[in-house]
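Below is one structure, written out as structure tokens; the observations come after it.
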Amino acid sequence: MSGTIALSRLEVRRALRNRRTMFFAILYPTLLFLAIGGSAKFTIDGISGKTYYLIAMASFGALGASLTTNANKIALERKEGWTRQLRLTSLPGGGYVTSKVIAAMATTVPAIVVVFAVGASTGVHLSIALWVKAFLILWIGSLTFTALGIAIGYGVPYDSVQIVSIIVYIGLSFIGGQFFVIDGFAGKIAKYTPSYQVRQLALDVVTKQSLSTEGLIILAAWLIGAGALAAAMYRRGVSAD
Amino acid sequence: MTTDQRGTPAVTFDKVSKHYGEVKAVNELTLSVPTGRTIAFLGPNGAGKSTSIDMLLGLRKPTHGTVRVLGKSPHQAVKDGDIGAMLQSGGLMTEVTVREFLTLIGKLHPRPIPLADLLKRANVEDIADRKVDKLSGGQSQRVRFAVSIAGDNKLIVLDEPTTGMDVENRQIFWDAMKSEAQHGKTILFATHYLEEADQIADEVIVINKGRLLVQGSAAEIKSQAGFQHISFRLEGVTQEFLLGLPGVKSIDISNGLVRIQTSASDATLYGVLDAGHRPRDIEVGALGLEQAFIAITEQDNEKTGGWAQDAAATSLTGELR
Numbered sequence: 000m001s002g003t004i005a006l007s008r009l010e011v012r013r014a015l016r017n018r019r020t021m022f023f024a025i026l027y028p029t030l031l032f033l034a035i036g037g038s039a040k041f042t043i044d045g046i047s048g049k050t051y052y053l054i055a056m057a058s059f060g061a062l063g064a065s066l067t068t069n070a071n072k073i074a075l076e077r078k079e080g081w082t083r084q085l086r087l088t089s090l091p092g093g094g095y096v097t098s099k100v101i102a103a104m105a106t107t108v109p110a111i112v113v114v115f116a117v118g119a120s121t122g123v124h125l126s127i128a129l130w131v132k133a134f135l136i137l138w139i140g141s142l143t144f145t146a147l148g149i150a151i152g153y154g155v156p157y158d159s160v161q162i163v164s165i166i167v168y169i170g171l172s173f174i175g176g177q178f179f180v181i182d183g184f185a186g187k188i189a190k191y192t193p194s195y196q197v198r199q200l201a202l203d204v205v206t207k208q209s210l211s212t213e214g215l216i217i218l219a220a221w222l223i224g225a226g227a228l229a230a231a232m233y234r235r236g237v238s239a240d
Numbered sequence: 000m001t002t003d004q005r006g007t008p009a010v011t012f013d014k015v016s017k018h019y020g021e022v023k024a025v026n027e028l029t030l031s032v033p034t035g036r037t038i039a040f041l042g043p044n045g046a047g048k049s050t051s052i053d054m055l056l057g058l059r060k061p062t063h064g065t066v067r068v069l070g071k072s073p074h075q076a077v078k079d080g081d082i083g084a085m086l087q088s089g090g091l092m093t094e095v096t097v098r099e100f101l102t103l104i105g106k107l108h109p110r111p112i113p114l115a116d117l118l119k120r121a122n123v124e125d126i127a128d129r130k131v132d133k134l135s136g137g138q139s140q141r142v143r144f145a146v147s148i149a150g151d152n153k154l155i156v157l158d159e160p161t162t163g164m165d166v167e168n169r170q171i172f173w174d175a176m177k178s179e180a181q182h183g184k185t186i187l188f189a190t191h192y193l194e195e196a197d198q199i200a201d202e203v204i205v206i207n208k209g210r211l212l213v214q215g216s217a218a219e220i221k222s223q224a225g226f227q228h229i230s231f232r233l234e235g236v237t238q239e240f241l242l243g244l245p246g247v248k249s250i251d252i253s254n255g256l257v258r259i260q261t262s263a264s265d266a267t268l269y270g271v272l273d274a275g276h277r278p279r280d281i282e283v284g285a286l287g288l289e290q291a292f293i294a295i296t297e298q299d300n301e302k303t304g305g306w307a308q309d310a311a312a313t314s315l316t317g318e319l320r
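Sequence order for the protein chains is A and B.
The first sequence begins at 0 in numbering that gives the first Met the number 0 and counts up one residue at a time.
The second sequence begins at 0 in numbering that gives the first Met the number 0 and counts up one residue at a time.
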């Protein structure tokens with residue numbers, strides 16, 4: 000247990016000082032929020048463009064923080080034998096993957112909080128309770144992306160991991176409405192994706208609407224499904240290492 | 000620690016086989032490694048060295064047979080912190096400093112040695128604050144070595160440890176390793192540099208085609224190869240005369256210096272003397288370990304070339320039935 004904690008702490012520290020990770024998790028979504036959300040004068044269904052993009056960009060950052068870094072790192076570290084070396088220590092079998100989940104959860108925190116802080120300072124006014132509730136939905140919902148990242152890291156050959164994780168990352172962001180509002184026919188399909196539901200549920204919170212049961216079920220199903228996929232890919236990958 | 004470990008070998012392989020499809024990487028390998036010694040593990044490419052080391056470390060499971068490390072399963076020995084291992088390449092965490100990395104490795108060991116001691120013993124004090132992924136090949140090897148001695152292990156396993164090191168670092172590395180051996184640790188290393196094996200190992204294990212070929216001291220292996228060399232200065236002898244001497248395998252004459260490879264150095268030399276010659280600067284010695292190694296693996300290949308294929312075919316049909 001202490002080994003898993005030690006590894007997790009170093010994983011978190013390493014992720015938080017990685018410029019590339021921090022760019023995609025924090026800087027890029029924040030700049031996009033300032034560029035689009037700051038000047039968005041439109042309203043959608045009575046929701047201001049600024050509020051929409053606040054949640055969209057916080058969820059975009061959370062998605063980046065939880066998905067791509069893990070996928071790439073796991074594939075690289077398996078290829079370079081770090082996972083093999085860890086098997087020669089007293090670290091418990093699941094310690095490595097546990098530390099990856101913890102590192103993703105840790106990097107997701109600033110990804111959400113920084114966009115929220117910038118939003119708050121540029122005129123989005125919410126009660127503390129709503130900020131916290133929205134944060135929790137984005138944060139816990141992002142576990143789905145963490146699981147997908149682990150599944151990709153273990154399931155996709157090293158050569159293709161970068162491209163696969165970018166496609167999933169960008170694809171989920173487009174269909175989830177992170178870049179622009181998805182409605183009409185596309186919206187009917189999009190609502191079955193986790194990126195759409197994470198964003199929509201958090202948006203429902205900040206616009207003081209009741210959370211959609213359907214949305215919660217879809218997101219929970221994704222979380223369980225992606226978790227099971229990650230577990231299966233992990234088991235397959237470990238036995239091949 | 001009330002159990003008396005004396006008498007328990009460091010490593011035993013009991014009829015261990017590892018098959019990859021129809022390829023028998025390791026074929027009924029049986030061997031025993033005593034504790035407290037430094038052992039070189041040699042074999043030509045494809046002899047099954049890496050597979051054997053993987054099984055010894057619990058990274059792969061044998062198809063048949065049993066591997067024990069200090070009387071335990073390899074997995075248990077690893078979890079108990081009994082084995083320190085240095086892999087051939089990779090195996091390091093990136094984007095962290097050497098100090099952070101080795102601190103972590105210490106926390107992953109049940110009985111870590113203090114970090115300051117570790118940095119000193121592995122000769123990595125000068126690079127402790129460098130990022131692991133910014134190190135040169137030789138520096139990375141030093142960090143890998145530090146990993147293998149980061150805890151109070153009983154057995155240190157090194158796979159090609161000095162690959163990529165320059166001569167000076169190689170010297171430093173083996174000095175450090177000798178001091179580990181003086182702490183009573185068993186050291187098992189695979190290497191391509193037979194000179195290293197000759198100089199450093201108390202004992203040498205040679206495997207070929209997945210089986211144990213020979214185990215003993217370097218001197219024993221050299222004599223098992225069945226060849227010695229004789230050299231002396233003598234003018235006016237003919238090739239025919241030298242080739243006619245007992246035991247002679249090959250000769251080389253240049254400027255009065257005669258070099259002979261023979262399977263019976265005494266008889267060869269007596270033959271020269273009995274013919275009335277009085278050679279000068281006589282040297283008689285064993286072959287180097289490298290030549291001995293080549294000789295015994297070639298002998299084995301000639302002897303077993305047909306047999307190994309027959310055996311493979313037999314056991315394959317056996318499986319089909």
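We put the CB at the ideal spot given by N, CA and C, even for glycine.
Just so it is clear, the structure is predicted and the values come from calculations on it, not from any experiment.
Using a CB distance cut-off of 7 Å, Ser7 of chain A does not count as an interface residue toward chain B. Residue contact with chain B for Ser98 of chain A: absent (no Cβ-Cβ distance below 7 Å to any residue of chain B). Those residues of the segment 138-160 of chain B placed with their C-beta closer than 8 Å to a C-beta in chain A are Val146, ordered along the chain. Between Thr107 of chain A and Ser141 of chain A a beta carbon distance of about 5 Å is seen, short of the 8 Å cut, so the two are scored as contacting. Spanning the alpha carbons of Gly209 of chain B and Val32 of chain B requires a straight line of approximately 17 Å.
For Ala102 of chain A, same chain residues with a beta-carbon under 6 Å away, outside a window of 5 residues either side, are Glu10, Val11 and Ala14 in chain order.
The residues Thr82, in chain order, have a CB closer than 6 Å to that of Glu76 of chain A in the same chain once the five nearest residues on each side in sequence are set aside.
Following the DSSP letters along the chain, one finds His74 of chain B inside the alpha helix (DSSP H) bounded by residues Pro73 to Lys78. Within the same chain, Cβ atoms closer than 6 Å to the Cβ of Pro109 of chain A are found at Ile25, the five residues on either side in sequence being excluded. When CB distances to chain A are screened at a threshold of 7 Å, the residues of the segment 39-68 of chain B falling below it are Leu56 and Leu58, in chain order.
The beta-carbon of Ser89 of chain A is placed less than 7 Å from the nearest beta-carbon of chain B. Listed in chain order, the non-local C-beta contacts of Asp132 of chain B below 7 Å within the same chain comprise Thr93 and Glu94, local neighbours out to five positions each way being set aside. For Thr145 of chain A, no beta strand (DSSP E) segment is defined; the enclosing uninterrupted segment is the alpha helix (DSSP H) at Leu142 to Gly154. Residue pairing by DSSP places Pro111 of chain B opposite B:Gly150 in a beta bridge.
Among the residues of chain B, none has a CB under 9 Å from the CB of Arg19 of chain A; the nearest is roughly 10 Å distant.
Lys106 of chain B has a beta carbon lying within less than 7 Å of a beta carbon in chain A. In the structure shown, Gln87 of chain B falls within a coil segment according to DSSP collapsed to helix, strand and coil. In summary, the residues of the segment 73-87 of chain A whose CB is separated from some CB of chain B by less than 7 Å are Glu79, Gly80, Trp81, Arg83, Gln84, Arg86 and Leu87, in the order they occur in the chain.
Here Ala64 of chain A is not near Tyr52 of chain A, since their CB atoms are 7 Å or more apart.
About 6 Å separates the beta carbons of Val123 of chain B and Val97 of chain B, which is inside the 8 Å limit, making them a contact pair. For Ile252 of chain B, the three-state secondary structure derived from DSSP is strand.
Residue environment for Gln238 of chain B: exposed (fewer than 16 other C-beta atoms within 10 angstroms of its C-beta). According to the DSSP secondary-structure assignment, Asp158 of chain B is paired through a beta bridge with B:Ala189. Sorting A:Ile223, A:Thr206, A:Leu200 and A:Trp221 by C-alpha distance to the C-alpha of Thr212 of chain A places A:Leu200 at the top. What Val10 of chain B touches in chain A, judged by beta-carbon distance under 9 Å, is nothing: the nearest beta carbon there is about 15 Å away. In the structure shown, Asn17 of chain A falls within a coil segment according to DSSP collapsed to helix, strand and coil. A Cβ-Cβ contact shorter than 7 Å links Met56 of chain A with Phe32 of chain A. Secondary structure note for Gly45 of chain B: it is in no beta strand (DSSP E), with a DSSP letter that is neither H nor E. Membership of Ser238 of chain A in the alpha helix (DSSP H) is indicated by the continuous run Thr212 to Ala239. When only Cα atoms are considered, Leu90 of chain A and Ser51 of chain B end up about 23 Å apart.
With a 10 Å radius around the Cβ and a threshold of 16 neighbouring Cβ atoms, Ser159 of chain A comes out exposed.
Pairwise C-beta distances place the segment 223-231 of chain B in contact with the segment 244-262 of chain B, as three or more of them are shorter than 8 Å. Listed along the chain, the chain B residues whose CB falls inside 7 Å of the CB of Arg13 of chain A are Glu94 and Val95. Check the Cα spacing between Asn69 of chain A and each of A:Trp130, A:Thr145, A:Met232 and A:Gln196: the tightest is with A:Thr145. C-alpha of Ile136 of chain A to C-alpha of Arg16 of chain A: approximately 25 Å in a straight line. For Asn122 of chain B, there is no enclosing beta strand (DSSP E), as DSSP marks it with neither H nor E.
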